[in-house]
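*Asks:*
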Amino acid sequence: MTELPSADFSAVLQRCGIELPALRGTDLSVRSPIDGAELARLAALPAAAMPAVIDAATRAFKQWRLVPAPVRGELVRLWGEELRRAKADIGQVISREVGKIVQEGLGEVQEAVDICEFALGLSRQLHGKTIVSERPGHRIMEQYHPLGPVAVITAFNFPGAVFAWNAALALVCGNPVIFKPSEKAPLSGLATFKALERAIAQFTARFGEHAPEGLAQIVLGGSDVAEALVDSPQIALVSATGSTRMGRAVGPKVASRFGKRILELGGNNAMLVTPAADLDLAVRAIVFSAVGTAGQRCTSLRRLIVHRDVKQALLDKLLKAYASLRIGDPLQPATLVGPLIDEAAFKALQDSIAQAEQQGGKLLCGGQRVLADQFPQGFYVAPAIMDMPAQTAIVKHETFGPLLYVLSYEELEQAIACNNDVPQGLSSCIFSNDLREVESFLSAAGSDCGMANVNIGPSGAEIGGAFGGEKETGGDRESGSDAWKQYMRRTTNTINYSRELPLAQGIQFG
Ligand code: UN1
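Given below as structure tokens:
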């Protein structure tokens, strides 16, 4: 039997602070989608161990909430520095474990660095409002206080960045975190988490008791471990990223105990291309957003809604671009499209193509498995484009892979209606240089998605904006803007500094 993992990858993991012998077990088999090789076999935490983990976070909260927010900011600053230092190694772990190309593996680590810096700035800006009172000698103000332990449950496709989005904000907001990474990507989760542990060690050396035991914990395991977090009344906020099916299970459970939740679920993101579009720019955006990460981003472009007058011209350019895509080993710097995460993802893609054909679709290119000789256990596909006669049932379904449906329209209103006529509401965009078209798309009667872009694709959002979507995407926001407020509890304080006791609404009592 071959030694797990290969010597060079062992060295990368070690530099990331991952000591495999200590984690070794039989429960979780971690395979690289590049060639199906087993990277590690890890022990899963039994659900019975979860109460102790949750209790440790609860104890840590009591201390951490009292640390001044700008001091808490110092911790995420150190985390950002550690991530920067380890960027190449963590990027490589992500590439090997989930098949991202080198640039996207590095980009994901950068996204984690960026949110640490954002959170550092935020640590001095967690302010509430001062509100004028209707009563003399009174003042109203709001304060934002730490909330409690935060559970972060993530998906395989952003195994490091999504944890960082949540953890960096949770920590500056005064909350401990418990991280449950995807079973398909525990090593990437660990690599990102270990950088945080190193930051905590430095922070503790500097501030002593300020960084309590249990401030940040990682739990490797299955759905029973996730369920323990979802069901525990001690977990103040559950942030979960994944499928709509997962969200449907998690959301009501957290709601039934009146916990808070952030759900980031499926997307079915569209691009409108109007006759006033720069087609060359559109093609570049389509290629990045439809085939980047092999179509496995929740923000990936899945529907192209193009005006019939420019449809053929756009398709000609697009098919040419697709024909030149370099598909293959994601660790090779020239590769643009890596493998799908596993065979199940490949089968789901095949199934969607078959259904789309039954519903009148025509496959214009791709869809077939490639490189099977070189990688019998790796599932590489040629990105597919399908021309659809209408937005049929399968088009309304999120298929997590490089499958782009093309629909045509005549009137802008019809295109906007088509954009909105799916259960998901994450991201969307319009390519147009016509102010009227653009503003209509962004207006109250325009795109109903959490993100609506102009002349850029639906994916690859910066961390500064609030990230998330409407409808079956979950309705919540994370990352930038004021998403931090979800990690805190707001108190409204009315202060009377007069000698009277006037009642609001002019009520006379006694
Ligand atoms: C996801 O796919 O779960 O906007 C997150 C993007 C990335 C994050 C995607 N910044 O595509």
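Using the UniProt record's numbering, the first residue of the sequence shown is number 1, and each one after it goes up by one.
We put the beta carbon where it would ideally sit given N, CA and C, even for glycine.
Keep in mind that this is a model prediction, so the values were computed, not measured.
1) Relative to the C-alpha of Val406, which residue among Gln14, Val273, Leu229 and Gly259 is closest?
2) Taking all protein chains shown into account, do 16 or more other C-beta atoms lie within 10 angstroms of the C-beta of Thr26, making it buried, or fewer, making it exposed?
3) For Ile495, is the classification buried or exposed, using 16 other Cβ atoms within 10 angstroms of its Cβ as the cut-off for buried?
4) Under 9 Å between the Cβ atoms of Ile262 and Ala240?
5) Following a CB-centred definition, is Ser481 positioned closer than 8 Å to any heavy atom of ligand 1?
6) For Pro149 and Phe179, I'd like the C-alpha separation in whole angstroms.
7) Cα separation between Ser123 and Pro176?
8) Identify the continuous beta strand (DSSP E) that holds Arg490 and give its terminal residues.
9) With the cut-off set at 9 Å, would you say Thr335 and Leu426 are in Cβ contact?
10) Taking the C-alpha atoms as reference points, what is the distance between Gln202 and Leu196?
11) Within the same chain, show all residues whose beta-carbon is closer than 6 Å to that of Arg77, passing over the 5 residues directly before and after it, in chain order.
12) So the candidates are Glu437, Asn433 and Asn420; which of them puts its Cα closest to the Cα of Met451?
13) Spatial neighbours of Ser481 within its chain, please: CB distance less than 8 Å, with the 5 preceding and 5 following residues excluded, ordered by chain position.
14) Check the C-beta distance from Ala69 over to Gly174 and give it rounded, since I have them as a contact under 8 Å.
15) Reducing DSSP to helix, strand and coil, say where Glu439 ends up.
16) Could you tell me which of Ala164, Val172, Ala155 and Gly160 sits nearest to Ala184, measuring between CA atoms?
17) Using CA atoms only, rank isn't needed, just tell me which of Pro389, Met488, Glu411 and Ala282 is closest to Cys429.
18) Taking 9 Å as the CB-CB limit, is His138 close to chain C?
19) Can you tell me whether Lys347 is buried or exposed, with buried defined as 16 or more other CB within 10 angstroms of its CB?
20) Straight-line CA distance for Arg302 to Gln424?
21) Please classify Thr293 as buried or exposed, where buried requires at least 16 other C-beta atoms within 10 Å of its C-beta.
22) Tell me whether the beta-carbon of Ser459 lies closer than 9 Å to the beta-carbon of Arg297.
23) When you compare the CB positions of Val287 and Gly259, do they come within less than 9 Å of one another, or not?
24) Can you give me the Cβ contacts of Ile456 inside the same chain, cut-off strictly under 7 Å, excluding the 5 residues immediately before and after it?
25) Run through the DSSP bridge pairs and tell me what Ser479 is partnered with.
26) Considering only heavy atoms of ligand 1, list every residue whose Cβ is less than 7 Å from one of them, following chain order.
27) Output the distance between the C-alpha atoms of Tyr322 and Ala384, rounded to the nearest integer angstrom.
28) Within the same chain, show all residues whose beta-carbon is closer than 6 Å to that of Arg31, passing over the 5 residues directly before and after it, in chain order.
29) Using the Cα positions of Thr2 and Ala40, report the straight-line distance between them to the nearest angstrom.
30) Can you tell me where the beta strand (DSSP E) holding Asp89 begins and where it ends?
31) In terms of residues, what are the limits of the beta strand (DSSP E) holding Phe179?
32) Considering only their Cβ atoms, is the gap separating Lys311 from Ser408 smaller than 9 Å?
33) Taking Val225 as the reference, which of Ala356, Ala52 and Ala236 has the closest Cα?
34) With a 10 Å radius around its C-beta and 16 neighbouring C-beta atoms as the bar for buried, classify Phe9 as buried or exposed.
35) Measuring alpha carbon to alpha carbon, tell me which residue in Val230, Ser324 and Ile353 is nearest Lys253.
36) Buried or exposed: where does Leu435 fall if 16 or more other Cβ atoms within 10 Å of its Cβ makes it buried?
*Replies:* On the basis of the coordinates in this document:
1) Among Gln14, Val273, Leu229 and Gly259, the Cα nearest to that of Val406 is on Val273.
2) Exposed: under 16 other Cβ atoms inside 10 Å.
3) Flag for Ile495 reads exposed.
4) Against a cut-off of 9 Å, the Cβ pair of Ala240 and Ile262 comes out as a contact.
5) Checking every heavy atom of ligand 1 against the Cβ of Ser481, none is found closer than 8 Å.
6) Linking Pro149 to Phe179 through their CA atoms gives a straight-line distance of about 11 Å.
7) Cα to Cα, Ser123 sits roughly 15 Å from Pro176.
8) Under the DSSP assignment, Arg490 falls in the beta strand (DSSP E) whose first and last residues are Met488 to Asn496.
9) No, the Cβ-Cβ distance between Thr335 and Leu426 is not below 9 Å.
10) For Gln202 and Leu196, the distance between alpha carbons rounds to 10 Å.
11) If we look at Arg77 and ignore the five residues flanking it on each side, its Cβ neighbours are Leu120.
12) Looking at the Cα atoms, Asn420 is the closest of the given residues.
13) Short of 8 Å from the beta carbon of Ser481, and not among the five residues preceding or following it, lie these beta carbons of its own chain, in chain order: Gly464, Gly465 and Ala466.
14) With a Cβ gap of about 7 Å, Ala69 and Gly174 count as contacting.
15) The answer is helix: DSSP assigns Glu439 an H, G or I state.
16) A small fix is needed here, since residue 184 is Lys in this sequence, not Ala. Ranking Ala164, Val172, Ala155 and Gly160 by CA distance to the CA of Lys184 puts Ala155 first.
17) Proximity to Cys429 across Pro389, Met488, Glu411 and Ala282 peaks at Ala282, based on C-alpha coordinates.
18) Structure shown: chain C not included; a single protein chain is present.
19) Burial call: exposed.
20) Distance between the alpha carbons of Arg302 and Gln424 is about 12 Å.
21) Counting every other CB atom within 10 Å of its CB across the protein chains shown gives Thr293 a total of 16 or more, marking it as buried.
22) Judged by beta-carbon spacing, Arg297 lies within the 9 Å limit of Ser459, meaning their Cβ atoms are closer than that value.
23) Not in contact: Val287 and Gly259 (Cβ atoms no closer than 9 Å).
24) For Ile456, where only same-chain residues beyond five positions count, the Cβ hits under 7 Å are Ala285 and Cys429.
25) Answer is Ala466, bridged to Ser479.
26) A Cβ closer than 7 Å to some heavy atom of ligand 1 marks a residue here, and those residues are Glu111, Ala155, Asn157, Phe158, Ala161, Val162, Thr241, Glu264, Arg297, Cys298, Thr299, Ser459, Gly460, Ala461 and Phe467.
27) In a straight line, the C-alpha of Tyr322 is about 9 Å away from that of Ala384.
28) So the qualifying residues of the chain are Glu38.
29) Here Thr2 scores only 48 on pLDDT, less than 50, and its place in the model is too uncertain to base an answer on.
30) Premise fails: Asp89 lies in the alpha helix (DSSP H), Lys87 to Val98, not in any beta strand (DSSP E).
31) Segment Val177 to Lys180, the beta strand (DSSP E) holding Phe179.
32) Yes. Within cutoff.
33) The alpha carbon of Val225 has as its nearest neighbour, out of Ala356, Ala52 and Ala236, the alpha carbon of Ala52.
34) With 16 or more other Cβ atoms within 10 Å, it is buried.
35) Put simply, of Val230, Ser324 and Ile353 the residue whose alpha carbon is nearest the alpha carbon of Lys253 is Val230.
36) Taking every protein chain shown into account, the CB of Leu435 has fewer than 16 other CB atoms within 10 angstroms, so this residue is exposed.
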